[in-house]
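Notes to accompany the following structure.
Number of protein chains: 2
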Amino acid sequence: MSNDKQLVIGLFGFGVVGEGLYKVLHQTESLNARIKKVCIKNANKKRNAPDELFTTDRDVILNDPEINVVVEVINESEPAFYIVSTALKNGKEVVSASKKMIAEHLPELLKLQTETGLSFLYEASACASIPVIRNLEEYYDNDLLHGIRGIVNGSTNYILTKMFEEKLDFKQALLQAQQLGFAEADPTLDVDGWDAVNKWVILLLHAYGVVSKVEDVLFTGIQNIQGADATVGREKNLEIRLVGQAKKLQNGKVAAFVLPQFVKHDDHLSFVKNEYNGAVVESSFADKQFFYGKGAGSFPTASAVLSDISALRYDYKYEYKKLYYHQPNELTTDYYLKVYLSFDDWDFIPKEKLEWIEEWHAESDRKYLVGVVHANELKQNNWWRENGTSLILSPEPIIEDVEIRKLKKKSLELAGLNIN
Amino acid sequence: MSNDKQLVIGLFGFGVVGEGLYKVLHQTESLNARIKKVCIKNANKKRNAPDELFTTDRDVILNDPEINVVVEVINESEPAFYIVSTALKNGKEVVSASKKMIAEHLPELLKLQTETGLSFLYEASACASIPVIRNLEEYYDNDLLHGIRGIVNGSTNYILTKMFEEKLDFKQALLQAQQLGFAEADPTLDVDGWDAVNKWVILLLHAYGVVSKVEDVLFTGIQNIQGADATVGREKNLEIRLVGQAKKLQNGKVAAFVLPQFVKHDDHLSFVKNEYNGAVVESSFADKQFFYGKGAGSFPTASAVLSDISALRYDYKYEYKKLYYHQPNELTTDYYLKVYLSFDDWDFIPKEKLEWIEEWHAESDRKYLVGVVHANELKQNNWWRENGTSLILSPEPIIEDVEIRKLKKKSLELAGLNIN
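Listed in order, the protein sequences are those of chains X and Y.
The opening position of the first sequence corresponds to residue 1 in my numbering, with each subsequent residue numbered one higher.
The opening position of the second sequence corresponds to residue 1 in my numbering, with each subsequent residue numbered one higher.
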């Protein structure tokens with residue numbers, strides 16, 4: 001490994017992240033990196049950099065033998081995949097921030113890395129500036145990881161914070177987030193949980209060596225959360241977050257989901273407010289570790305990209321140890337979840353699908369219940385996110401099979417029955 | 001790099017950390033590591049492991065050619081240095097948790113690593129389970145690190161929390177910490193700041209490439225903090241922490257100290273209560289990142305040692321990039337600090353040594369002032385920690401030269417004078 005490695009960069013995208021990167025690399029000689037060419041879509045836009053830097057022809061970068069690093073910070077998924085895969089095939093190392101592209105193409109991207117032996121780094125794709133991928137990859141690289149929980153989408157967290165703290169309704173909070181630049185004009189990707197689950201698919205690979213697709217993960221966003229849910233939360237002294245969670249169950253398989261969750265005030269994730277991100281990693285001996293920082297925005301994203309570029313000087317690459325060197329883990333939906341459900345009409349809830357109901361409230365327009373449901377039921381059906389029904393997990397929501405059998409038996413016994 | 005590397009470990013120390021490690025390695029086949037021999041001091045103590053595992057002769061391990069990794073978790077500094085340096089010279093890689101030993105022998109340990117090319121890892125020596133060394137080394141490996149602040153000693157943090165929240169006096173809080181195992185029978189190393197400054201010397205190396213001694217760092221502990229200080233804090237809506245801080249000043253040099261500090265409620269470090277540790281890393285683009293977890297205790301320490309052992313399988317070593325590959329940084333005491341001082345008698349305070357005083361309270365037995373003092377004055381003199389005088393930094397305590405000249409001029413102008 002050497003510090004003399006000169007990085008000659010071809011950059012795709014010159015939005016806020018790309019331009020920020022350009023400025024820093026200019027100012028930081030010690031990085032030994034220079035941007036040779038920037039590929040942009042719109043040639044006519046005025047840019048704060050010399051004209052000769054720019055091209056609209058991606059092959060100018062992809063076929064330039066002097067360029068040894070491609071950095072890709074564009075928004076569209078399919079062009080990003082073409083750029084990343086072609087760059088690797090052409091012998092260039094790659095840094096990317098495109099979570100959607102990565103989550104959609106994990107198998108191909110893993111194969112390309114194995115075939116080429118080149119580095120493909122993408123710390124910016126999950127929690128931006130928080131080095132969660134690198135820590136899962138390097139520091140929690142043994143098989144003693146009990147679980148990880150995280151808030152990985154700043155837009156939805158901002159909206160939930162405002163609904164909770166300022167009692168705004170969903171639409172008002174969303175509007176405020178959009179005005180402040182924390183949510184896109186079309187907020188669906190964030191609000192419906194797509195952005196979060198893309199990131200969760202990436203983190204599952206680094207946490208547990210699981211190669212999965214978005215469709216394999218049980219998820220929804222905050223689109224159905226209502227002011228009434230926040231009110232119930234306040235009554236119960238709980239806050240609401242959109243939480244990604246992965247946990248190794250007693251049977252050795254991994255439960256993984258991204259769902260709204262009630263969190264207690266002493267939960268580390270309750271510290272994560274507004275547009276921030278945070279992750280709690282639980283391992284055999286370290287107890288809980290909490291990582292917190294800015295998870296989106298141009299500077300935090302540029303910062304993560306920069307750390308990846310910097311790591312390339314030392315030939316750093318992800319080794320996917322948990323995938324290649326350990327017994328890879330398998331996802332399962334064979335477990336139970338304790339859930340809160342609020343809804344407008346009892347008819348929307350297939351009560352027979354719940355294992356049991358331990359609390360119900362029919363006193364106001366917005367009704368709710370607390371009960372236990374099999375994860376597979378949620379995975380395979382949609383009733384819990386239709387008709388404005390809102391599902392929020394209880395704190396510590398996962399109930400494993402063994403425990404539920406005991407509880408079932410006990411409740412039946414209490415009811416005067418007996419099972420074996 | 002290979003997963004097939006078989007680690008044969010010689011372990012020094014079989015206290016709570018050593019025994020914990022032994023158990024985990026036994027249970028975790030995938031680590032591909034086994035403990036061949038354990039060196040202990042007292043042969044007569046009953047141990048939860050087969051007798052043939054133990055020896056009291058350190059050379060049995062140090063001279064065994066089959067043993068390729070030495071793990072050292074003993075308490076005494078000089079024997080630890082002998083073990084670590086001999087092991088490296090004998091071609092073995094080393095994992096250590098001895099912060100005091102490391103802080104006292106940085107130059108020799110760096111030289112030995114360069115000469116032997118072997119790994120010497122010591123994540124457990126600072127903040128135990130929180131991977132702060134690894135992150136400073138790997139992720140913040142460029143020169144864009146603005147500063148780092150941390151709570152690195154759990155005992156003092158526990159005491160301060162209890163003084164603050166339960167209004168215990170210092171002695172009661174210390175006793176409680178001792179009863180719970182959060183403080184040693186002889187608490188001086190913790191209470192007077194030695195443990196924290198040892199860790200800070202290690203973190204300075206990884207944050208800024210500074211090779212320093214404890215004597216180079218301005219520090220004290222919490223030995224003089226009184227209930228009255230906590231009362232003032234509560235009035236001002238501030239909490240008290242023992243904070244290690246390092247910051248790159250405008251002149252490019254590094255200010256570093258470990259001192260009690262008032263922190264605001266929205267400071268990430270105010271989240272760190274009781275025996276926990278936390279660190280806030282501030283860099284050019286990432287804004288603030290917060291790392292939080294258990295910083296002491298047998299399990300968190302064993303966890304960090306385990307991560308280091310695990311990293312050895314992939315030939316990981318610290319590269320000390322900021323020391324060897326960048327312009328190394330230099331410590332300075334040429335800056336000013338805004339301080340709160342409480343004391344029993346005005347005569348204890350050399351008022352002429354303060355740049356100015358902006359607040360003073362003589363109304364009760366315990367008097368206090370808020371003013372500005374040059375760091376060099378504190379570095380070279382002891383009045384501020386004698387006679388029961390208690391010094392606590394203000395939030396954002398560092399005032400750089402340029403700013404103070406402006407403020408000085410302004411205050412003189414206000415007083416009807418003029419300077420150039």
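Where a beta carbon is used, it is the ideal one built from N, C-alpha and C, also for glycine.
| request: Write down the C-beta distance between Pro-328(X) and Lys-322(X) rounded to the nearest angstrom, noting that I regard them as a contact closer than 8 Å. | output: Position 328 of the first sequence, counted from the first residue, corresponds to residue 328(X). Position 322 of the first sequence, counted from the first residue, corresponds to residue 322(X). Yes, Pro-328(X) and Lys-322(X) are in contact; Cβ-Cβ is about 7 Å, under 8 Å.
| task | Within the region 10 to 76 of chain Y, note down every full beta strand (DSSP E) run reaching 3 residues or more, in order along the chain. | result | 33 to 39, 69 to 72
| query | In terms of alpha-carbon separation, which member of Val-263(Y), Arg-34(Y), Glu-123(Y), Glu-52(Y) lies closest to Trp-200(Y)? | reply | Indexing the second sequence from 1 puts residue 200(Y) at position 200. Ranking Val-263(Y), Arg-34(Y), Glu-123(Y), Glu-52(Y) by Cα distance to Trp-200(Y) puts Glu-123(Y) first.
| request: Take the Cβ of Arg-385(Y) as the centre, count every other Cβ of all protein chains shown within 10 Å, and call the residue buried at 16 or more, exposed below. | output: Indexing the second sequence from 1 puts residue 385(Y) at position 385. By the 10 Å Cβ count, Arg-385(Y) comes out buried.
| query | Asn-63(Y): buried (16+ other C-beta within 10 angstroms of its C-beta) or exposed? | reply | For the purposes of this step, residue 63(Y) is identified with residue 63 of the second sequence, where counting begins at 1. That one is exposed.
| So Ile-309(Y) packs on Val-69(Y), CB below 8 Å; how close in whole Å? | As a working mapping, residue 309(Y) is identified with position 309 in the second sequence. As a working mapping, residue 69(Y) is identified with position 69 in the second sequence. Indeed they touch by this definition, with Cβ atoms about 7 Å apart.
| Beta-carbon separation (whole angstroms), Tyr-149(Y) vs Val-280(Y), contact threshold 8 Å | The residue given as residue 149(Y) occupies position 149 in the second sequence. The residue given as residue 280(Y) occupies position 280 in the second sequence. Residue 149(Y) is actually Arg in this sequence, not Tyr. Yes, they are in contact, since the Cβ atoms of Arg-149(Y) and Val-280(Y) sit about 5 Å apart, within 8 Å.
| said: Can you tell me where the alpha helix (DSSP H) holding Pro-300(Y) begins and where it ends? | reply: As a first step, residue 300(Y) is located in the second sequence; it is residue number 300 there, counting from the start. Counting along the chain, the alpha helix (DSSP H) containing Pro-300(Y) begins and ends at 298 to 312.
| Can you find a C-beta in chain Y that's less than 7 Å from the C-beta of Ser-364(X)? | As a first step, residue 364(X) must be located in the first sequence, where it is residue number 364. Closer than 7 Å: no.
| query | Do the region 196 to 211 of chain X and the region 361 to 370 of chain X make contact, defined as three or more Cβ pairs closer than 8 Å? | reply | With the cut-off at 8 Å, the region 196 to 211 of chain X and the region 361 to 370 of chain X do not touch.
| request: Work out the CA separation of Thr-28(Y) and Lys-248(X) for me, nearest whole Å. | output: Within the first sequence, residue 248(X) is the residue found at index 248, counting from 1. Within the second sequence, residue 28(Y) is the residue found at index 28, counting from 1. Rounded to whole angstroms, the gap between the alpha carbons of Lys-248(X) and Thr-28(Y) is 15 Å.
| query | Considering only the beta carbon of each residue, do Gly-252(X) and Gly-221(X) sit closer than 7 Å? | reply | Position 252 of the first sequence holds residue 252(X). Position 221 of the first sequence holds residue 221(X). It is not a contact, given that the beta carbons lie outside the stated cut-off.
| Closer than 6 Å: Asp-315(Y) CB and nearest the ligand FMN heavy atom | For the ligand FMN, the structure offers nothing, since it holds no ligand at all.
| query | Contact between the region 300 to 320 of chain Y and the region 115 to 130 of chain Y: three or more CB pairs below 8 Å? | reply | Short answer: they touch.
| query | Quick one: does Ser-342(Y) have its CB under 7 Å from some CB of chain X? | reply | Numbered from its first residue, the second sequence carries residue 342(Y) at position 342. Not closer than 7 Å to any Cβ of chain X, the Cβ of Ser-342(Y) fails to qualify, so no.
| task | Following the continuous alpha helix (DSSP H) through Leu-203(X), name the residue where it begins and the one where it ends. | result | Stepping through the first sequence from its first residue, residue 203(X) is reached at position 203. Residue range 194 to 208 is occupied by the alpha helix (DSSP H) that includes Leu-203(X).
| How is Tyr-82(X) classed by DSSP in three states: helix, strand or coil? | One-based indexing of the first sequence puts residue 82(X) at position 82. Three-state DSSP puts Tyr-82(X) in a helix.
| request: Note down, in chain order, each residue of its chain lying with its Cβ closer than 8 Å to the Cβ of Leu-242(Y), except the 5 sequence neighbours on either side. | output: For the purposes of this step, residue 242(Y) is taken as the residue at position 242 of the second sequence. The answer, listed in chain order, is Ile-151, Asn-153, Thr-156, Asn-157, Leu-160, Gly-193, Ala-196, Gly-221, Ile-222, Val-258, Leu-259, Pro-260, Gln-261.
| message | Between the alpha carbons of Gln-226(X) and Ile-240(X), how many angstroms are there, rounded? | response | Numbered from 1 along the first sequence, position 226 holds the residue referred to as residue 226(X). Numbered from 1 along the first sequence, position 240 holds the residue referred to as residue 240(X). Near 11 Å, if we compare the C-alpha coordinates of Ile-240(X) and Gln-226(X).
| Fully enclosed by the region 347 to 387 of chain Y, which alpha helix (DSSP H) runs are 4 residues long or longer? | 375 to 380
| task | Measure how close the beta-carbons of Leu-53(X) and Val-38(X) come, nearest whole angstrom, since I'm counting them as under 8 Å. | result | Taking the first sequence and counting its residues from 1, one reaches residue 53(X) at position 53. Taking the first sequence and counting its residues from 1, one reaches residue 38(X) at position 38. The Cβ separation is near 5 Å, so the contact holds.
| field | Top-ranked residue by Cα proximity to Gly-388(Y), from Asn-90(Y), Asp-345(Y), Ala-230(Y) | value | Taking the first residue of the second sequence as 1, we reach residue 388(Y) at position 388. The candidate whose alpha carbon is nearest that of Gly-388(Y) is Asp-345(Y).
| field | Identified DSSP bridge partners for Ile-151(X) | value | Translated into positions along the first sequence, residue 151(X) becomes position 151. Ile-151(X) pairs with Gly-278(X).
| task | Would you give the residue range spanned by the alpha helix (DSSP H) that Lys-5(Y) belongs to? | result | Looking up residue 5(Y) in the second sequence gives position 5. Segment: none, Lys-5(Y) is in no alpha helix (DSSP H) and carries neither H nor E.
| said: Can you confirm whether Gln-6(Y), when its beta carbon is compared against all beta carbons of chain X, has any partner nearer than 7 Å? | reply: Here residue 6(Y) refers to the residue found at position 6 of the second sequence. False, the Cβ-Cβ gap to chain X never drops below 7 Å.
| task | Go through its chain and collect everything with a Cβ distance to Phe-271(Y)'s Cβ below 8 Å, but skip five positions before and after it. | result | Taking the second sequence and counting its residues from 1, the one referred to as residue 271(Y) is at position 271. Here the set comprises Gly-278, Phe-290, Tyr-292.
| message | Using a Cβ-Cβ cutoff of 8 Å, what residues of the region 18 to 34 of chain Y are near chain X? List them in chain order. | response | Gly-20, Val-24, Thr-28, Ser-30, Leu-31
| query | Going along chain Y, which residues have a C-beta under 9 Å from Asp-287(X)? | reply | Reading the first sequence from its first residue, position 287 is the one you call residue 287(X). Ordered by position in chain Y, the residues that pass the 9 Å Cβ test against Asp-287(X) are Ser-129, Gly-293, Lys-294, Gly-297, Phe-299, Pro-300, Ser-303.
| message | On a Cα-Cα basis, can you pick out the residue from Ala-304(X), Tyr-325(X), Leu-391(X), Ala-296(X) that is closest to Phe-343(X)? | response | Counted from its first residue, the first sequence places residue 343(X) at position 343. Residue Leu-391(X) is the option with its Cα nearest to Phe-343(X).
| said: Just checking: is the beta-carbon of Tyr-122(Y) within a distance shorter than 7 Å of some beta-carbon in chain X? | reply: What you label residue 122(Y) is simply residue 122 of the second sequence in a count that begins at 1. With 7 Å as the cut-off, Tyr-122(Y) does not count as an interface residue toward chain X.
| query | How big is the Cα-Cα spacing for Ala-128(Y) and Asn-382(Y)? | reply | For the purposes of this step, residue 128(Y) is identified with residue 128 of the second sequence, where counting begins at 1. For the purposes of this step, residue 382(Y) is identified with residue 382 of the second sequence, where counting begins at 1. Approximately 31 Å, taken between the alpha carbons.
| Terminal residues of the beta strand (DSSP E) in which Gly-244(X) lies | By one-based count along the first sequence, residue 244(X) stands at place 244. Residues 238 to 248.
| task | Please confirm if Phe-271(X) has its CB atom under 7 Å from at least one CB of chain Y. | result | In the first sequence, the residue the question calls residue 271(X) occupies position 271. Interface residue, yes.
| task | Using a cut-off of 7 Å between C-beta atoms, extract the partners of Phe-290(Y) located in chain X. | result | Within the second sequence, numbered from 1, the residue matching residue 290(Y) stands at position 290. Result: Tyr-292, Gly-293.
| request: Please compile the residues from chain X whose C-beta is within a distance smaller than 8 Å of the C-beta of Glu-72(Y). | output: In the second sequence, counting from the first residue as 1, residue 72(Y) sits at position 72. Simply none; closest approach about 18 Å.
| query | To the nearest angstrom, how far is it from the Cα of Ala-296(Y) to the Cα of Glu-275(Y)? | reply | Numbered from 1 along the second sequence, position 296 holds the residue referred to as residue 296(Y). Numbered from 1 along the second sequence, position 275 holds the residue referred to as residue 275(Y). Roughly 8 Å separates the two Cα atoms.
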